[in-house]
Amino acid sequence: MANKPGPGIVILLGVILGVVTAVLGWKAFSDLQKKSEENWQPVVVAVVDIKPRTTITREMIELTRLPQDHIAIDVVSDIKLVEGQMALGRIKAKEQIRKPDLVPKGQAPSLAYAIPPGKRAIAIAAGEVSAVGTAVKPGDHVDVLATYTDPVAKQETTQMILQNVPVLMVNQGDTETQGQGGAKSSMTLAVSPEEAELLTAADRAGVLRVSLRPVEDSTIVASPGTRTSDLRVGKLSDQPATDQRSIPQFAPPPRDQRRTEIKIIRGTQEQIVQP
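Number 256 in this note's numbering belongs to position 256 of the sequence shown; there are no gaps in the numbering.
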């Protein structure tokens, strides 16, 4: 009569059988998963939270693979199609990036997306004379001059009320910086809320004209303005430059900055008077 295997052998065989079963099961699962991942699709996802109107850089996104049933509609699968584009709305980290989330840089769906933070868009009239011969285009910077009647001196005065102001749009919705034509009916400027009030008041009080600034010239000049009487006596001195963003007031300069001396000759006597 054969000897029956002892308890130890039975346990060992059970362990061996369990290990073999586990290995075979893991291999089968691994093969199934590998075969399944071969059908996964590449998608572009955000690595960090992306704010609206932000130009997307390579560091903000990554390419990953997901199962077909986990992929959003209109998702972007090529990272080159996302880099350099502008986020239309907020995109959260790990969120898939879809085509409707993007807009080509410089082609925002509305002007509101092109307004710098803290600024407002405001339009003024433009013509061949008032807008530098229709040479002003979106992306240019201009100085705004206002000609009005000084309520104190009762004289016509011209003053630069804003300087180095960016132009957002010209005419009827033209935001193309490389466009053929310039401002001929209107121009839309980016100004602060306070400057918008100043510009509106100046437009109501008199006539506006702009001067076109050279590229990369951000110099701000402090000028008291010019009155009609200055055309006769000439400007007495040049004012020094300042680093202020703009001249924040719409008011005639102090009277004592413009006084001139008049010499009266009676026979052999001379008398100096000030008007």
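We put the beta carbon where it would ideally sit given N, CA and C, even for glycine. This one's a predicted model, so the numbers in the text were calculated from it and none came from an experiment.
Using alpha carbons as the reference points, say which of the options lies closest to residue i.
i	options	result
Arg-204	Ile-124, Lys-94, Val-45	Ile-124
His-141	Ala-131, Lys-94, Asp-150	Ala-131
Arg-53	Ser-223, Ala-87, Ala-126	Ala-87
Leu-145	Ile-161, Thr-157, Pro-138, Lys-137	Ile-161
Gly-181	Ala-126, Leu-66, Lys-99	Ala-126
Thr-147	Thr-177, Arg-227, Leu-189	Arg-227
Gly-89	Glu-197, Asp-49, Thr-157, Leu-66	Asp-49
Gly-139	Glu-197, Leu-102, Thr-188	Thr-188
Ser-77	Gln-85, Val-20, Gly-84, Arg-65	Arg-65
Glu-195	Asn-164, Glu-128, Asp-174, Glu-176	Asn-164
Val-82	Leu-168, Ser-229, Glu-62, Gly-225	Glu-62
Ile-91	Arg-120, Thr-219, Met-60	Met-60
Gln-155	Val-136, Thr-134, Ser-229, Ser-192	Ser-229
Val-170	Gly-225, Ile-122, Val-19	Ile-122
Pro-166	Val-215, Thr-134, Lys-27	Val-215
Buried or exposed, going by whether 16 or more other CB atoms sit within 10 Å of the CB of residue i?
i	result
Ser-211	exposed
Val-152	exposed
Asp-243	Its pLDDT being 40, under 50, Asp-243 is placed unreliably in this model, and the value from its coordinates should be taken loosely. The residue in question, Asp-243, is exposed, as its Cβ has fewer than 16 Cβ neighbours within 10 Å.
Leu-231	exposed
Pro-117	exposed
Ala-93	exposed
Leu-102	buried
Gln-172	exposed
Lys-80	exposed
Leu-12	exposed
Can you give the Cα-Cα distance for residue i and residue j, rounded to whole angstroms?
i	j	result
Leu-24	Val-43	33 Å
Ala-201	Arg-213	23 Å
Leu-17	Ala-46	47 Å
Arg-209	Ser-223	16 Å
Gln-68	Thr-57	26 Å
Glu-197	Lys-184	23 Å
Val-207	Leu-199	11 Å
Thr-55	Glu-128	35 Å
Glu-176	Thr-157	35 Å
Asp-150	Gln-159	11 Å
Gln-41	Lys-51	26 Å
Gln-96	Val-75	7 Å
Asp-217	Gly-84	27 Å
Tyr-113	Lys-137	18 Å
Ser-110	Ser-186	17 Å
Which residues does DSSP pair with residue i in a beta bridge?
i	result
Leu-231	Partner(s): none; Leu-231 has no beta bridge.
Thr-64	Val-43
Leu-208	Ala-146
Gln-159	Ala-146
Q: Taking only runs that begin and end inside the segment 161 to 193, name each unbroken beta strand (DSSP E) of 3 or more residues, in chain order.
A: 186 to 191
Q. Mind pulling the beta strand (DSSP E) runs of 3 or more residues that sit fully within the segment 71 to 125?
A. 120 to 125
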